[in-house]
Each structure stands twice: as structure tokens, then as C-alpha cells.
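In the numbering used here, the protein residues as written are 173 to 278. Beta carbons are placed, not taken as given, at the ideal position from N, Cα and C, and that holds for glycine. Heads up, the thing below is written out as C-alpha cells.
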């Protein structure tokens, strides 16, 4: 889950360890900053993934008009902040709502 730390209000990722039956924090990508509130988490090909959309907002219709670009973050080594890798898709040019389905190749 994407959550907000109560002590400093910074975004964080919370996981539930099924073996230990405890909650723990997973470090988010360091470059994501406060944008975590606009993101989604998924497991893709066995990796923890998070994607962020950067919307252009249309205030006349009170909704996002265009997804300007998307950052897909992949955690290659679970629990290690430095292992997050970012892939960026620029200028989609349409308002889309989607979730990653799979990763091809490396």
C-alpha cells in the first residue's frame, strides 16, 4: 500500500509479510518525492512495480485531460532503495487509465 508516514508526512510503501504476519515499510524510489500520491503499485513478472502518471488537468470538466508522461519504477532487489529503476514513456497524448500487465525482456 502507498501510505504517508505519520511523523514526517513523507510518502512510503507499506507491505504485509505473510510469513511473519507483520507490517513493514518498503523504501520508495528516492526520485519519486511527493508524487507517490499519484501512483499505483503492482507485481509484474515477480518484481514490485510502481507507476506514476503526470496529468494535465482540465479544470473546465474537473478531471485530468491528458496523461503527459508515465514513469514506471521497478524494484529489482526487494527492500533495497537503490535497486529501483525508472522507465519513462513520454507524450501519450490521450487520457488513459491502465495498469501494467507484463514486462518483456530485461
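Check: Under a three-way DSSP split, which group does residue 197 fall into?; Outcome: strand
Check: Per DSSP, what are the beta-bridge partners of residue 224 in this structure?; Outcome: 211 and 243
Check: Would you say residue 174 and residue 222 are within 9 Å of each other, going by their C-beta atoms?; Outcome: yes
Check: Is the distance from the Cβ of residue 198 to the Cβ of residue 186 below 9 Å?; Outcome: yes
Check: Between residue 260 and residue 245, what straight-line distance do the alpha-carbon atoms span, to the nearest angstrom?; Outcome: 9 Å
Check: Looking only at DSSP bridge pairs, what is residue 177 linked to?; Outcome: Partner(s): none; residue 177 has no beta bridge.
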